[in-house]
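This report refers to the structure that appears directly beneath it.
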Amino acid sequence: MSSGAADLRQRKKQNCTESDKMAPEERNKENPKLGRSPKYMLVQRFAKLFFGCLAAVTSGMMYAVYLSTYHERKFWFSSRQELEREITFQGDSAIYYSFYKELLKAPSFERGVYELTHNNKTISLKTINAVQQMTLYPELIASVLYQASGSEEVIEPVYFYIGIVFGLQGIYVTALFVTSWVMSGTWLAGMLTVAWFIINRTDTTRIDYSIPSRENWALPYFACQVAALTGYLKKNLNCSAEKFCYLLVNASTYTFMMMWEYSHYLLFVQAVSLFLLDSFALAQTEKVYEVYRIYLFSLIGGYLLQFENSALLVSPLLSLVVALMLSKSLQMNVKKSTFVSRLLKIMYIYLVLTVAVTLNFLLKMFIPHKENGHLLRFIEVKLGLNTTKNFTMNWLLCQESLQAPSQDFFLRLTQSSLLPFYILVLIICLFSVTQVIFRRICGEPLKETVKLEDGRIGERPEIVYHVIHTILLGCLAMCLEGMKYLWTPYVCMLAAFGVCSPELWMTLFKWLRLKAVHPILLALILSMAVPTIIGFSLWKEFFPRIMTELTELQEFYDPDTVELMTWIKRQAPVAAVFAGSPQLMGVIKLCTGWMVSSLPLYNDDDLLKRNENIYQIYSKRSAEDIYKILTSYKANFLVIEDSICNEVGPVRGCRVKDLLDIANGHVVCEEGDNYAYSKYGRFCHEIKMNYSPYVNYFTRVYWNRSYFVYKINTVISFQS
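For the sequence shown, the UniProt record's numbering gives the first residue as 1, with consecutive numbering after it.
So this is what it looks like as C-alpha cells:
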C-alpha cells in the first residue's frame, strides 16, 4: 500500500512532465490507433469536442430563452406598467431589486455604494450596511454593467436585470452538461442532463417565482466550480487542461462565495466530500490540498471584501480546512506503512474532526460575530433536541422549504424516470467504490489508467467524489425540502452520466460475469441505446407539456396591491414609515421607496425580533400594546392584510395567528385539545369595528378588499 500511495502522490508531477514530454514513438506504442492514423484521431477528437461544446452552449442558450418566454407568458411583462411589473417581485426578491433601482438612480456609482453601505432610508431607526447584510454584490455588478454598456437607451433596467439572471441560468445548465460529459465521455449524457433538469424544473430551481434570490445568482458559479473540479480530479490529465481547471476552480469558488451568504456551508459539504475522498487514498493528495488552499484564499478574500465579515471566520469551512492543513504531515506518515496505517487512519480522521470542532469553538468564543445564531436554535428544535414556543422558531419550522420533502416530490421524479435510474447508478457506483476502498485497505494499489474492460468505475476519483457529494446533499434534502434545489440537479447529472457511461455498464457486467455476449460490446450498445430510449420517451411525454406552457397565456394581476401602492405614492407623506407584514413591507419599499419598519430578512436577530413584534397586529393583544410597539419603531401608518387576519391554512397550527397565540400564552392545551384564552379580541378584527379604544389610537385612511391602512395617531383622544 505504501508504494501505491507514493505513486499516487507523484502522478500530478508526472502528468505535467513525462506525459507532455513523451516521445511520439512511445505514444504510438501505447496507442496503436494513434500510431496508425494520427491525423484521423486528431480530427475525430476535434469534431467530438466542437460538437459537444456547440451542444452545451446551445442547450444553455435555449434554456435561457425558454425561461424568458415562460416569464413573459406568465406575467405579461411587456404589456405591464412599471408598478405592475415590480409587484411580481415578492418578499426578499423585492428588497434586492429595490437596491438595484437605488443604485441606478444615484448620481454616481461611488455615491450609490456609499448610500447602501450607510443606509438609513430603508428601515426606521436603523442604519445598516446593506451590501454586507444582504449580499448585494450581484446588484452592484448588474448596475455597473447596465451603465457601462450604455444600455440605458436600449433596454429597460428590469429587463436587463432579469436578463442577466436568465443568462446565468443558461450557464448553470451548460455547466451541468459539461460535468456529465466529462464524467461519461459523451455529450449525449449532457443532453439527457439538460432534459431531466428542465422537465423537473419545479424541483431543480426556484427561478419561476423568485428571480433575484441569491441562490439564482450563486448556483451557476457553483455548477461551474463543480465542472472544473470534476476535470481537475481526473487521472492522466495533461498539464494545460489541469491548469485551466485549476484556474476555473479558483475563480468560480471565490465568485460563488461573494454571491451568497450561505455559500460557505455548501462549500463545507464539498470539503467533507474531498476529505473522505483523500482519507481513503482515492485521489491525488496534492490536488485535494490545492482545493483546500483555494477555500482558504476565498475565505480570506471574502472576509476582506465583505467588510470584514466575521461569519466567514467562524464558519465550519475555515475550521475544517485549517485542521486538514495542520494534520497534513500526519496524513503523509499514515500512508507509508501497511498495518499501522489502518490504525493511524482512524486516528487521523478523529484528529481532524477534533481539531476542527475545537478550533471552531475557540473562534466563536474569541471573535465577535452574529453568525446566524437562530440557525443553531432552529437545528436543535428541528432535530427534536429542544422545544420552544418562540414565534420565529415555530414560524421557520412551518415553512415548506424547511420541512421534510413530500411524497409528491418523489412521485414527480419517478414519473420522469429520473429517480429510478439515479438509484440504479448510485447503487452500482457505491458498490464499486466500496470494493475499491476494501482493496486499498488490503494494500492493493490503484491502477494508473482504468480501462473499459477493467470494469472498475469506482477507481476514478471524480466519480467517487460525486458519489460522496450526492449522498451528503441527499441526506440534507431528506431533512429540508429547500435543499432539493441543490440535490436534484446533481441527481439529473449523475443519472445521465451513469446510463451513458460504458464503464458503468461494464462494471455491472463484470459482477454478473456475462459469457453469452461480449460484455464490452454490450456495454457500448447499452450506453447509446438506453439514453436514446429515455430521450424519446421524455420527448413524447413531456415536450407537449413544455410547449403548452410557452403558448398558454397566464393571468397574473393583483389590482388590490396596485391600488395600495398607488395610494401610498399619491397620499402618504414622503417621510412616512409603514408597518405591516415583512413580505408586504418589501413590496412597499420597492414600489414606493417609502421607509418601512421591517423587512423579510432572516439573517439578523434584530430584524427577526422586529418582525415578531410587528406581527403582533394579528395577535390577541390590546390596542395600547400594539400602539406602543408601533410607535417604538416610529411607524406612521399600519397596513393590515385580510389574507393573514382571516387565514385558513391547511395546517391549523402553522397560521401566523396560531403561532402568535402559542407564543403569547393565549392557547391552553388540555388533554390534547387546544383552548384559546385572552381578555382581548384579535387586534386585526377589532380595529375594523371602529370603536373605542381602537379609534383613539388609529384612524382608518384607506381600504380595499385586501388591505386596510390606518394612520397611527400622534395625539391620542379618549373621547368615545
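We put the CB at the ideal spot given by N, CA and C, even for glycine. Predicted model, so just to flag it, every value in this text is computed and none were measured.
Can you grab the Cα-Cα spacing for the pair residue i / residue j, in whole Å?
i: I644; j: L419; result: 37 Å
i: V334; j: Y292; result: Bear in mind that a pLDDT of 47 at V334, under 50, signals an unreliable position, so the number given afterwards is only what the model happens to contain. The alpha-carbon atoms of V334 and Y292 are separated by roughly 19 Å.
i: T174; j: A64; result: 11 Å
i: P502; j: F431; result: 17 Å
i: V321; j: G231; result: 22 Å
i: F391; j: I662; result: 8 Å
i: I207; j: K510; result: 43 Å
i: D560; j: F708; result: 11 Å
i: R705; j: N646; result: 12 Å
i: N200; j: E549; result: 14 Å
i: M259; j: S678; result: 46 Å
i: K345; j: C442; result: 13 Å
i: residue 723; j: L472; result: Nothing about residue 723 can be reported from this structure: the residues present for the chain run from 1 to 720 only.
i: V574; j: M547; result: 47 Å
i: R513; j: S184; result: 23 Å
i: C500; j: T58; result: 20 Å
i: L353; j: L326; result: 12 Å
Return the residue from the list the options that minimises the CA-CA distance to residue i.
i: residue 721; options: S213, S180, Y97, V158; result: The structure shown does not extend to residue 721, since the chain is modelled only from 1 to 720, so the question has no answer here.
i: T592; options: K74, E102, E380; result: E102
i: L397; options: L476, L385, I379; result: I379
i: N613; options: L659, E290, L430; result: L659
i: R439; options: Q407, L282, I629; result: L282
i: V226; options: I428, N646, A55, M493; result: M493
i: L362; options: S401, K382, S537, S319; result: S319
i: A223; options: G170, V131, F160; result: G170
i: residue 736; options: A56, A47, L67, K39; result: The structure shown has nothing for residue 736, since the chain only spans 1 to 720.
i: L188; options: S527, L599, C654, F683; result: S527
i: residue 721; options: Y557, T186, L590; result: Shown here, the chain extends from 1 to 720; a query on residue 721 therefore has no answer.
i: residue 730; options: D625, L638, L599, P693; result: Residue coverage of the chain in this structure runs from 1 to 720, which leaves residue 730 outside it and unanswerable.
i: R214; options: A148, G653, K243, E139; result: E139
i: P212; options: Y114, G163, F177, E242; result: G163
i: P693; options: Y702, C654, L411, I712; result: I712
i: N603; options: W703, G482, F197, A311; result: A311
Going by the DSSP bridge assignment, what does residue i pair with across the sheet?
i: W703; result: F708
i: F698; result: I712
i: N216; result: BP columns for N216 are empty, so no partner.
i: N119; result: I128
i: A579; result: L638
i: V596; result: I123, F578
Over what stretch of residues does the alpha helix (DSSP H) that includes residue i continue unbroken?
i: A572; result: Premise fails: A572 is in no alpha helix (DSSP H) and is neither H nor E.
i: E481; result: Looking at the DSSP string, E481 is not in any alpha helix (DSSP H), and its letter there is neither H nor E.
i: M325; result: 316-326
i: Y63; result: 38-75
i: W539; result: 519-551
i: Q399; result: Run containing Q399: none; DSSP gives neither H nor E here.
i: K609; result: 605-614
i: V165; result: 157-184
i: C602; result: Note on residue identity: the sequence assigns Tyr, not Cys, to residue 602. Neither: Y602 is in no alpha helix (DSSP H) and is coded neither H nor E.
i: G586; result: 582-592
i: Y146; result: 137-148
i: residue 745; result: Nothing can be reported for residue 745: it is not among the residues displayed for the chain, which extend from 1 to 720.
i: Q270; result: 263-279
Going by DSSP, what residue range makes up the beta strand (DSSP E) through residue i?
i: L638; result: 637-641
Using 7 Å as the threshold, is the C-beta distance between residue i and residue j below it?
i: I294; j: V249; result: yes
i: S315; j: T253; result: no
i: L276; j: I463; result: no
i: K620; j: H666; result: yes
i: T88; j: F75; result: yes
i: M689; j: L83; result: no
i: A495; j: V425; result: yes
i: I367; j: L305; result: no
i: V355; j: A323; result: yes
i: V596; j: I588; result: yes
i: I427; j: L504; result: no
i: Y697; j: Y627; result: yes
i: V436; j: G458; result: yes
i: S108; j: S210; result: no
i: L145; j: V131; result: no
i: I629; j: F683; result: no
i: E261; j: T135; result: yes
i: L480; j: L402; result: yes
i: Y303; j: T255; result: no
Just to confirm, does residue i get its C-beta within under 6 Å of one of the non-hydrogen atoms of the ligand SAM?
i: L473; result: Of the ligands one can find in the structure shown there are none, so the ligand SAM has no counterpart to examine.
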